[in-house]
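Asks: So for the sequence shown, full-length UniProt numbering puts the first residue at 1; every next one is plus one.
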Amino acid sequence: MTSRSNGKPTIIGIGASAGGLEAIEAFFQSVPSGHLFSFIVVQHLSPNYKSYMPELLKKSTDMNIVIAEDGMRINEKTIYLCPPSCYITIIDENKIKLDPYPESRSPHFPIDELLTSMASELRDQAVGIVLSGNGTDGTQGMKAIRESGGMCIVQDETAKYPDMPINARKEGVVDFVLPPDEIPQQLLKNFDYKRFDFSDELLNDIFQLIHKRTNVDFAQYKRNSVIRRIERRMNLSERKFYSVEDYKLYLIENPSEAKALKEDLLIGVTHFFRDKEAFNYLEREVFPKLIEQKKKSGSNTIRVWVAGCSTGQEAYSIAILLNEEIKKQSLDIKVQIFATDVDKDAIKTASLGRFSEQVIATIPQAYLNKYFEREDDEYAVKKEIRKMIVFAPHNIAKDSPFVDLDMVSCRNVLIYFQAELQQRVLSLFHFALREDGYLFLGPSETLGRLSNLFGTINSKWNIFHNSAPRKVSVSDGIVQKKDVLQNKDVKSNPFEDGKSYKSYSQLDDFNAVLLDQFMEACVVIDEDSEVVFSSNSAQRFLAFPKNKSNFNIHNIVPTSLSVVIGAAAKKVKETQEEVTFEDINVRYRDYREYCLNVKAAPVLLPHKGLHYTALFFEEKKVEFTKRERALLPYDPEFLIQQRIHDMEQELFLTKQHLQNTIEELETSNEELQSTNEELIAANEELQSTNEELQSVNEELITVNNDYEKKIEELIQLNNDIDNLLINTNIATIFLDKEFNIKLFTPEASNVFNLIERDVGRPIHHISHTLEYHELNQDIQEVLYTTHAIEKELKSDSDEWFSMRIMPYRTSDNIIEGIVITLVNITELKGMNQDLQMSKQALEHTGSTILVTDGDGNIVYTNQHFLNSISQEYSAVIGHPISDIYDAHFRESDFLMHWNEAYNGAKWTGELSYKDREGHNRWEYTTLVPVLKPNGKIAQVIRVSEDITQRKKDQENTFKSEVVSVISQVAIADHHGIRIPMDSLRSFRTGKKSKDRLLIDSQQLKDTDSNRLKGVLSELLFSRGEEMTE
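Okay, structure coming up:
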């Protein structure tokens, strides 16, 4: 590897950030020892951190490693490391310049600064390499290097943090995508630069191929620049080319290469407020004067054309400054900016009005806050500025210009054109500008031979104003593509030639004064009757139309004079001799009248091979206004003769003009007939095609209506989903297949530490408050198995969440990611604990509890009830209550009491039944109905307490008391049997009143009477036996 042709070393700029150390080490380990490269390495370093890069790199390379210093010259086989908090740039092609970070701007893009300076200083010898790192630093620098014809390389997917390489690739400016250890060999290969021989014929063939495939014509671009770009593509291609002919065949076989070459030739670099001093001058000097002109003229519209606008930054910059000045003066002036470029992709980008944080770095902070809105990681131009600008594809080399403009800005475009095309384009700009309109060119561009048409306002920044009236037609400035591609001489401005131009236009001030003061009224027209020159003294005979670009002589003079000029021009063209028509009466709409002699003479420019006609107007008498003519003496005879003479003269001229027209029509009639036949055939085809198009159009209208409805439905659905996600208070996170965050609800921010800018980040980068370390593993499991996972998790704040991880399925049942939902169940958890405690209490209570539904089926029992009937839980649940009770209660009792409950009434009382062993048992039972809101029975709760033992105790007590009474009767039997019976009845009655048992009174009466009678019978029987004895 040798040094550059100027003897200076080949400089390689390397940019890296996060994860870049490993890539840098791998790169330098692979650099061969025989090279003559110089490397400048820029990293994003903290100003408070001491870098150990020199020590670390010494293990990977034998090259000299130094910390760069301001003014240091660059030597070969040396690595220069940028110190922290500094911009490092190249000046004088071989010298380092260091500048501290400005305090007012953040963030900083040191890689962009280095690569942009390399593009400016080293041009096509610049080489930029971007390795691992986050963000977009390096992208703008890569674009600058690509625009200058240099080489751009980025790290492949081996980058730990791929944002910087990916963002550069998105701009379409990267030549190679390689792992770090393969980049050095690619550098050696591509600096073995091969030159090719380009003949005019081959180059024109390539131009025609590009034009055919892309509709962009490069024939008038500077050939050395175009050749250098084509050679660059030939050398960088993986395919080996041995000649330009090989590359031409490759273009024919691969249409995509023509498009790639076009994009390579059209790469544009632009910035907001590029050349800050120039824009400051516009803001301070030019725009206030422009607005003042508008105020004086009464116009309320400013029209600006930004030609070659690229991605739109210059157009937006001008719009901002104009808007500022208009608001400063509190005026109601409309701004129309036409921003055009031949690159349609650039126009699309400009129209979006969205720029990265890196691109807006050159915008003053006040303008950024006022005219831009932050949207995610980008800044969007506000509607106030966006509505001022119309972006459109336009080729200034062949398309018609805009007209009546107050300003034309075309910066750093003309430098790529050949001199002839430059002059044509400048002629177009002159034609497009109104008088005193402004022209804003790039710092390296000049007016050339058209400098006399413009006055200089600022020579440093090439700001000019239109100082000469329009004297060329728009057609003179347009290059016809067919003629350019075939290198034919085209009809152009006759004053573009150096010699002729000096003879007619580029006159010094002395000659110009003589021409205006002493030359008679003269107009020069071309073969198409277009005015290409008019003297100041001829202006009064011409009526130029407003807001039109057609300057045909027949459109700017009255009919009577037009007929004469047409006849004279035809005569001159046929004979190449002078011809004169005398006493032509011409009347204008403002009642001005002239009597003219018109002389026509041929003008030939031999070196151009073009023919022109010079028309000289000689006025024969003084013009009269309508009022002055009314005051002249009245002479009927003179007026009649004058009128006859005028009519005869006009008739003669009309006949001659008519004869000329007839001859021209006869000549063209045959061509028209032939053309008409072709048009008839074509019309038939078009009619057939039109029917098909009409049918297609109807289908498209139907489809469009369907789409409009679908869009409305989607908008409504989107709004519904947004409201659902926001208002359900369910934390939800949507992930893509790479586990990057796509969307999340506000509630999710309470669990995961999420902000809006986290969209696009991996979920494992986000911290959370859950006691949950298996999140990443569970997410992967759900994606691979498609089975949902549900868990209850506790947070650091002792809150509980129910988390579900589910696969995200499309309408086609394709897994496209993961959905995570979290529901706060803290309150539910507490209620569940309370419920469990209540359940435990119910299970261990001494009462039996049973619950039935509205249909009488058992839905719950506690264990105590199951024990009482010696049944299992499964044998009871779901069965009717009647199945359980039939075996234990009399049917009438069961139906009576439960029917009361099912009718909505609470019942409390004692019930007796027999257990499985046949023993009589008693229970104290309460039946409570639970009603639905509509009044129907939802459930019946039965709570019972076994009182069998209590009943036995009461029975024993009762018997004891009866025996005591009987004993007293036996002792006092001498009073007779009726006394004891009365006592017993009295006892029974007193006992009954004191009985606290809640039992049916009639039943008790019958039972007590029967028992009492039995006891008394036994006693009387035994007493009778004793008396008998």
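Backbone N, C-alpha and C fix where the C-beta goes; we use that ideal spot for every residue, glycine too.
1) When the Cα atoms are used, what is the spatial distance from residue 1096 to GLN220?
2) Could you tell me the distance, in whole angstroms, from the CA atom of ASN727 to the CA atom of TRP800?
3) Quick test of your reading: ILE181 and SER30, contact by CB under 8 Å. State the CB separation rounded to the nearest angstrom.
4) Where does ALA788 land, buried or exposed, given buried means 16+ other C-beta within 10 angstroms?
5) Would you kindly report the start and end of the unbroken beta strand (DSSP E) that includes GLU324?
6) Under the DSSP definition of a beta bridge, which residues are partnered with ASN552?
7) When we look at the beta-carbon of THR311 and count the other beta-carbons within 10 Å, is it buried (16 or more) or exposed?
8) How long is the line joining the alpha carbons of MET234 and VAL226, rounded to whole angstroms?
9) Please classify TYR80 as buried or exposed, where buried requires at least 16 neighbouring CB atoms within 10 angstroms.
10) Pick from THR446, ARG434 and ASP436: whose alpha carbon is nearest that of GLU420?
11) Can you tell me the Cα-Cα spacing of GLN155 and GLY149, whole angstroms?
12) Could you check the C-alpha separation between PRO110 and SER117 for me, to the nearest Å?
13) Tell me whether the beta-carbon of ASN167 lies closer than 8 Å to the beta-carbon of ALA18.
14) Give me, in chain order, the residues of the same chain whose beta-carbon lies closer than 7 Å to that of GLU527; leave out the 5 immediate sequence neighbours on both sides.
15) Can you tell me which of PRO102, GLU253, PHE541 and PHE744 puts its alpha carbon nearest to the alpha carbon of PRO364?
16) Measuring CB atoms only, is the region 348-363 touching the region 325-335, in the sense that at least three cross pairs come out at less than 8 Å?
17) I believe GLU618 touches ASN597 by the beta-carbon criterion, under 8 Å. Please report the beta-carbon distance rounded to the nearest angstrom.
18) Who does LYS334 pair with in a DSSP beta bridge?
19) Check the C-beta distance from ASP124 over to ARG195 and give it rounded, since I have them as a contact under 8 Å.
20) Using the beta-carbon count (16 or more within 10 Å), is ASP345 buried or exposed?
21) What did DSSP end up calling THR116 once you bin it into helix, strand or coil?
22) Which whole-angstrom value describes the C-beta separation of GLU792 and ARG804, a residue pair presumed to lie in contact below a C-beta threshold of 8 Å?
23) For the beta strand (DSSP E) containing HIS465, name the first residue and the last one.
24) Looking at the structure shown, is PHE429 part of a helix, part of a strand, or coil, going by DSSP?
25) If you drop the 5 nearest sequence neighbours on each side, which residues of the same chain put their C-beta closer than 7 Å to that of LYS8?
26) Only counting the same chain, and skipping five residues up and downstream in sequence, which positions put a Cβ closer than 8 Å to that of LEU450?
27) Within its chain, find whatever has a CB closer than 6 Å to the CB of PRO32; leave out the 5 residues flanking it on each side and keep chain order.
28) Spatial neighbours of LEU754 within its chain, please: C-beta separation below 7 Å, excluding the five flanking residues on both sides.
29) Which one or two residues does DSSP pair with THR852 in a beta bridge?
30) Starting from the Cα of PHE391, find the closest Cα among THR349, ASP406, ASP376 and LEU414 and give me that residue.
31) According to DSSP, simplified to helix, strand and coil, what is HIS773?
32) Just to confirm, are LEU115 and GLY13 a CB contact at a threshold of 8 Å?
33) Under 6 Å Cβ to Cβ from PRO393, same chain only, skipping five residues before and after it: list those, please.
34) Enumerate in chain order the residues of its own chain whose CB-to-CB distance from GLY15 is below 6 Å, with the five nearest sequence positions on each side excluded.
35) Report the residue ranges of all beta strand (DSSP E) runs contained in full by the region 37-83; include only those spanning at least 3 residues, in chain order.
36) Return yes when the Cβ of ASN660 is within less than 8 Å of the Cβ of GLY566, no when it is not.
Replies: Looking at the atomic coordinates:
1) The structure shown has nothing for residue 1096, since the chain only spans 1 to 1029.
2) 20 Å
3) The sequence given here places Asp at residue 181; Ile does not occur at that position. Indeed they touch by this definition, with Cβ atoms about 4 Å apart.
4) exposed
5) GLU324 -> not in any beta strand (DSSP E); alpha helix (DSSP H) instead, spanning 313-328.
6) GLU530
7) buried
8) 12 Å
9) Burial of TYR80 is indicated by the presence of at least 16 other C-beta atoms within 10 angstroms of its C-beta.
10) THR446
11) Each residue's CA atom was taken as its position, placing GLN155 and GLY149 some 20 Å apart.
12) 11 Å
13) no
14) HIS611
15) Of PRO102, GLU253, PHE541 and PHE744, the residue nearest in Cα terms is PRO102.
16) no
17) 4 Å
18) THR301
19) Not a contact, Cβ separation roughly 13 Å.
20) exposed
21) It is helical.
22) Actually they are not in contact, since the Cβ atoms of GLU792 and ARG804 sit about 11 Å apart, beyond 8 Å.
23) HIS465 -> beta strand (DSSP E) spans 463-466.
24) helix
25) GLU93 and ASN94
26) Result list for LEU450: GLN423, LEU426, SER427 and HIS430, in chain order.
27) none
28) PHE744, ALA748 and ILE766
29) For THR852, which the question treats as bridged, DSSP gives the partners ILE858 and VAL940.
30) THR349
31) coil
32) yes
33) LYS344 and ILE347
34) VAL42, ILE111, VAL130 and GLY138
35) Runs of the beta strand (DSSP E) inside the region 37-83: 37-43, 64-67 and 78-81.
36) yes
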